[in-house]
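Asker: Would you mind keeping the following structure in view while I ask a few things?
In my numbering, the protein residues as written are 403 to 669.
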């Protein structure tokens, strides 16, 4: 465990150096957040009763999504991992006395948490003080906030575990571009990154709600906003934990099979 903690610490400190990129990301996410909120506002004014979430819940959903974008988006790609596989640099990783799956998992977690730490504070502070009805609402009580933190941790684990399957697939391909483009587009739509899942048609939602994408940002954002509460929140957290365990097991099996056949060319 000390080795994995060391990898996490070094990667976290390394990722904190990119402050200029974080500042640019904050301004971009503010602009995007306001655009989304204004668009939803226009639809809500036309017929508020037609929407499955209250407008205040949708606003909170969007602001929390923008504040913690780095935690939940599959298109945050670990270039070091893909480059190591495609270039053959992975041969050095294989001789290190550390489980490769665990190392990559810790590396991804540290990079995502560092990016989120740099960006979330200014977004949350401003979102909490802007005028109603565009203001971020705080959670109703400490219990909801703690449930949000637990769900966020599980969502991060699910995102990383799913990403690991993407990286492992690169052992069998010549380029990462196709995998990255396909999975990023699919996950954005099915995880609620474009529109919250309750806005999906009922027939589509009956299928999407059981996919691993629903265990990503969908769950913590809806718990924070108040759209999921009480027993439904506990069931949602259990759903996330189940998908996390399933994806980690699948990833370890896939990694084991890939490493048995991996061949590094060159001198």
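Where is the CB? At the ideal position from N, CA and C, for every residue including glycine.
Model, not experiment: these values are computed from the prediction.
Touching or not, the region 479-498 and the region 569-581, by the rule of three or more beta carbon pairs under 8 Å?
Answerer: Yes, they touch.
Asker: Just curious, the alpha helix (DSSP H) that residue 568 is in, first and last residue?
Answerer: Start and end: 544-571.
Asker: Whether or not the region 544-558 and the region 489-504 are in contact is what I'm after, with contact meaning three or more pairs of Cβ atoms, one per stretch, closer than 8 Å; do they touch?
Answerer: Segments in contact, no.
Asker: Can you tell me whether DSSP reads residue 746 as helix, strand or coil?
Answerer: The requested residue 746 is not part of the displayed model; the chain covers only 403 to 669.
Asker: Can you tell me which of the three DSSP states residue 636 falls into?
Answerer: Residue 636 falls in the helix class under three-state DSSP.
Asker: Relative to the C-alpha of residue 472, which candidate in 641, 619 and 632 has its C-alpha closest?
Answerer: When only C-alpha atoms are compared, the closest one is 619.
Asker: In terms of residues, what are the limits of the alpha helix (DSSP H) holding residue 524?
Answerer: Its alpha helix (DSSP H) spans residues 502-529.
Asker: Alpha carbons only, please: which of 461, 432 and 409 is nearest the one belonging to residue 446?
Answerer: With distances taken between Cα atoms, residue 446 lies closest to 461.
Asker: Distance check for residue 450 and residue 412, CA to CA, integer angstroms please.
Answerer: Approximately 49 Å, taken between the alpha carbons.
Asker: Out of 634, 602, 573 and 517, which has the shortest C-alpha to C-alpha gap to residue 663?
Answerer: Of the candidates 634, 602, 573 and 517, the one whose C-alpha sits nearest the C-alpha of residue 663 is 573.
Asker: Classify residue 594: buried if its beta carbon has 16 or more other beta carbons within 10 angstroms, exposed otherwise.
Answerer: Buried, since its Cβ has 16 or more Cβ neighbours within 10 Å.
Asker: State the start and end residues of the unbroken alpha helix (DSSP H) segment that holds residue 591.
Answerer: Residues 579-592.
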